[in-house]
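Report on the structure given below.
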Amino acid sequence: MKKNRIAIFAMAAVSVLSASAGAVAFAKANDAAMKGSSLENDFIRLTVEQDSAQPEYLRFSLDTNNGQTSTKDDDQKNLTYKNFYSGYTTLNINGEKYIYGEGEDTSEPSYDASTGSHTSSQRFGNVEVKQTLTFAEGFTKGYNDMLKISYKVVDAGENDSIGVRILLDPMIEKDDALKLSVKDVNVDNETAFNESVPDVWKADIKSDKSITAYGKNNTASPKPDSLTFANWNSLYDEVWDTSFDNGKAIDDSGVAVKWEPVQAADKEFVSYYGIKNDAVKDKDGSGKNKVSAPKTSASTVAGIAALFAASLLSAAGCVMIGRKEKKENE
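Going letter by letter, the sequence shown gives residues -21 to -1, 1 to 309 in mature numbering (1 follows the signal peptide of the UniProt record, and there is no 0).
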């Protein structure tokens, strides 16, 4: 019985070590830090144009850092076109169309590594809108591998009507003629989803399925009213309504997520774009789901080593308690 008790204490210490090491690995992978003019975590990298003298002011680009944990093929790849200008957000305020970034700043744009985000806010007439770009969980718990793109109306009159269109220019590596799909069905021609807007869409390099980007629409209110796949220039040249041709093949992929104008005081319009880390089955065939561990850094290894040392001390303490009990009972 005493031997069993000692074994249980030792196993508990090892379990604490294993769980703690995993927690450290996830925490480190999700931790955001500035690198040059970009903000990154282990999975993705965000860059925002902060020079107000540039016409692309407050537009952003997204890339992978180490990407998916299951492959190195998607490390250091573009997820949007490499220049800021090709993607932008339109605000439809009481019928007038504005481009976010061309309004009047109401706060200093800034990165915040502690929250893994970039925030800015601008005023358009009497309406103030805040843009927040945040590293966030997408499909798999524990992985901040998507960018949450948010526009929140922070000041508006009761009768102000506001709509939002987010234009993304997906690009993977050097390919911006991506294969777009919904529920594994390819969308080859220009298409608008209006009646039933998909919650998830996917963009692949036609020649390499190991590198994939995902879009995810917010399922909370307000939900988008349309999702449009079209040639990029068809979307870029028209800031709100889009003229597209269902018979025209998509050669330069562009994606627009749109919310029609509503009385939107205090409302937040949200969409997601990034990558997807999957839960995988144990190789022993048990059928239990597990999540592959994020790639570890030197600091992660050091943290695990410290936890290992602490767990050894804990286990040693348990053994000494067992010995003490044995001696007292002799």
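Heads up, the beta-carbon is just placed ideally off N, CA and C, and yes, glycines get one too.
Grab the span of the alpha helix (DSSP H) containing residue i for me, first residue to last.
{"i": "Asn44", "result": "Neither: Asn44 is in no alpha helix (DSSP H) and is coded neither H nor E."}
{"i": "Trp211", "result": "Trp211 to Tyr215"}
For residue i, does the three-state DSSP call read helix, strand or coil?
{"i": "Lys7", "result": "helix"}
{"i": "Phe22", "result": "coil"}
{"i": "Tyr64", "result": "helix"}
{"i": "Gln101", "result": "strand"}
{"i": "Asp134", "result": "strand"}
{"i": "Ile254", "result": "coil"}
{"i": "Asn123", "result": "coil"}
{"i": "Met150", "result": "coil"}
{"i": "Thr85", "result": "coil"}
{"i": "Gly142", "result": "strand"}
{"i": "Phe248", "result": "strand"}
{"i": "Asp54", "result": "coil"}
{"i": "Lys76", "result": "strand"}
Output needed for residue i: all residues of its chain with C-beta closer than 8 Å, excluding positions within five of it in sequence on either side, in chain order.
{"i": "Ser276", "result": "Because Ser276 sits at a pLDDT of 45, beneath the cut-off of 50, its placement in the model cannot be relied upon, and the point is left open."}
{"i": "Asp263", "result": "The predicted model places Asp263 with a pLDDT of 35, which falls under 50 and marks its position as unreliable, so this point remains unresolved."}
{"i": "Asn138", "result": "Gln242"}
{"i": "Glu83", "result": "Gln101, Arg102 and Phe103"}
Kindly indicate the opening and closing residues of the beta strand (DSSP E) around residue i.
{"i": "Leu159", "result": "Lys158 to Val161"}
{"i": "Pro240", "result": "Ser232 to Gln242"}
{"i": "Ile184", "result": "Val179 to Ile184"}
{"i": "Ile229", "result": "Careful: Ile229 lies outside any beta strand (DSSP E) and carries neither H nor E."}
{"i": "Asn165", "result": "Val164 to Val166"}
{"i": "Leu112", "result": "Val106 to Ala115"}
Could you name the residues of the same chain whose beta carbon sits closer than 6 Å to that of residue i, not counting the 5 residues immediately before and after it, in chain order?
{"i": "Ala135", "result": "Val106 and Ala244"}
{"i": "Phe248", "result": "Tyr130, Val143 and Trp238"}
{"i": "Ser189", "result": "Thr50 and Asp52"}
Apart from the five residues on each side of it in sequence, which residues of its chain come closer than 7 Å, Cβ to Cβ, to residue i?
{"i": "Tyr90", "result": "Met13, Leu18 and His97"}
{"i": "Glu169", "result": "Phe208, Ala209, Asn210, Ser213, Phe223, Asp224, Asn225, Lys227 and Ile229"}
{"i": "Thr85", "result": "Ser100, Gln101, Arg102 and Glu107"}
Since residue i and residue j should fall inside the 8 Å C-beta cutoff, what is the C-beta to C-beta distance between them, to a whole number of angstroms?
{"i": "Arg38", "j": "Phe63", "result": "4 Å"}
{"i": "Val133", "j": "Ser99", "result": "That belief does not hold up - the Cβ atoms of Val133 and Ser99 are roughly 12 Å apart, past 8 Å."}
{"i": "Ile254", "j": "Thr43", "result": "6 Å"}
{"i": "Ala192", "j": "Ile151", "result": "6 Å"}
{"i": "Lys153", "j": "Asp183", "result": "That pair is no contact at about 14 Å."}
Please determine whether the Cβ atom of residue i lies at a distance below 6 Å from any heavy atom of the ligand HEM.
{"i": "Gly233", "result": "This structure lacks the ligand HEM; in fact it carries no ligand of any kind."}
Margin query: So, does the region 143 to 162 touch the region 230 to 238, judging by three or more C-beta pairs under 8 Å?
Written below: yes
Checklist line | the region 204 to 224 / the region 111 to 130 touching (three or more Cβ pairs under 8 Å) | finding: no
Note to self: Can you confirm whether the region 169 to 178 touches the region 195 to 205 when touching is taken to mean that 3 or more C-beta pairs between the two stretches lie within less than 8 Å?
What the structure shows: yes
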